[in-house]
Amino acid sequence: MPTVHEIEAFLYRLAPKELAADWDNVGHLLGDPEQEVRRVLVALDITEAVAEEALDGGCELIVAHHPVMNCRWHPVQSVRRDTPQGRLLMKLLCGGVSCICMHTNLDAAPGGVNDRLAAVLGLSGAELLPRGDNICRVGELPEPMPLRQFVRHALAALGCRGIRYADAGKPVRRVAVGGGACGEYADAALCAGCDTFVTADIKYHAFLDAAAAGLNLIDAGHFPTEDPVCETLVTKLRTEFPALRVWKSALHRDVVRFECDAENGI
Ligand SMILES: [Zn+2]
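For the sequence shown, our numbering assigns the number 2 to the initial residue and increments by one for each residue that follows.
This is the structure we're talking about:
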């Protein structure tokens, strides 16, 4: 059976470390590199529920997108059972579960987060968005589509439970995509002649500014725009290591959004 280190080396062939942002923390972050692996759980994030799912499933390894530790939102100065992150890291370490995280390198990699997002949205000819830091992609729909119809299409394709968007009064044809928090690339999308940008984690004023500048801006949510890459990772790992049992987390989901039901006045 492959070791954690061998699986990490394979994942780096898919998403080279050099593609990661300099602030990022990617690769095999936790556990024993020489551990042999029989079962792998793939998830967008390593939450406590995902860690328990891995332990219950007898997994020696979790492969995730977001770093489990020591990233912008998970600085680590201590590992203690009386903090949420310390509890998570101790659970993984004590349970012998390694963690490999492929983050901004997988955003940028060919066939990674953003190529997958473009494909799921039905964009053809996807290529790098100029000035998009090698992360965002731009592609085209076969025919122009009214914005509202495209939003419905994105809802279904990504399995979103809701979408926020700003309407610049243009049909959708040339679309930039940036999974996760890529709102800073809205200007790059405009400069590349895009009518529409699909990303996540957009602030209120950014919607207004984009629409005023002539760009339909769609916030389809962080989880829905990135989670499709998990299926890619499952498929690639199964192909490369046929003896491994690999599956995607059944428990990890988007944060819940309460949708207002206008008809019932709720
Ligand atoms: Zn993300």
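Every residue gets a Cβ at the ideal spot worked out from N, C-alpha and C, and that includes glycine.
Handout entry: Cut-off 6 Å between Cβ atoms - residues of its own chain near Pro131, not counting five sequence neighbours on either side
Key = These residues qualify, in order along the chain: Ala193.
Problem - Beta-carbon proximity check, Val199 vs Ala221, cutoff 9 Å - result: The answer is yes: Cβ separation under 9 Å.
Problem - C-beta contact flag for Leu62 and Val77 at 9 Å - result: No, they are not a contact pair.
Exercise for the section: Put Glu22 into one of helix, strand or coil per three-state DSSP. Expected result: What sits at residue 22 in the sequence shown is Ala, not Glu. DSSP places Ala22 in coil when its eight states are reduced to three.
Handout entry: Residue range of the beta strand (DSSP E) that includes Asn217
Key = Residues 217-220.
Handout entry: Identified DSSP bridge partners for Trp248
Key = Trp248 is bridged to Leu42.
Practice task
Indicate, with yes or no, if ligand 1 has a heavy atom lying under 8 Å from the CB of His6.
Solution key: Not so, every heavy atom of ligand 1 lies at least 8 Å from the Cβ.
Problem - C-beta contact flag for Ala177 and Cys137 at 9 Å - result: Remark: C-beta atoms of Ala177 and Cys137 approach each other more closely than 9 Å.
Problem - Cα-Cα separation, Ile219 to Met2 - result: So the alpha carbons of these two residues sit roughly 44 Å apart.
Practice task
Return helix, strand or coil for His6, following the three-state DSSP convention.
Solution key: Helix.
Handout entry: In chain order, each beta strand (DSSP E) run of at least 3 residues that lies wholly inside the segment 140-219
Key = Counting only runs that start and end inside the segment 140-219, the beta strand (DSSP E) elements of at least 3 residues fall at 165-167, 173-178, 197-200.
Practice task
Report all residues for which the CB-ligand distance to some heavy atom of ligand 1 is below 7 Å; order them along the chain.
Solution key: After applying the 7 Å Cβ criterion, the set is His66, His67, Gly180, Gly181, Ala182, His223, Glu227.
Handout entry: The alpha helix (DSSP H) enclosing Val121, as first and last residue numbers
Key = Run containing Val121: 114-121, per the alpha helix (DSSP H) assignment.
Handout entry: Closest Cα partner of Pro229 within the set Val5, Ala120, Val51, Arg165
Key = Nearest of Val5, Ala120, Val51, Arg165 to Pro229, Cα basis: Ala120.
Practice task
Between the Cα of His206 and those of Arg14, Lys171, Ala167, spot the shortest distance and give me the residue it belongs to.
Solution key: When each option's Cα is compared against that of His206, the closest is Ala167.
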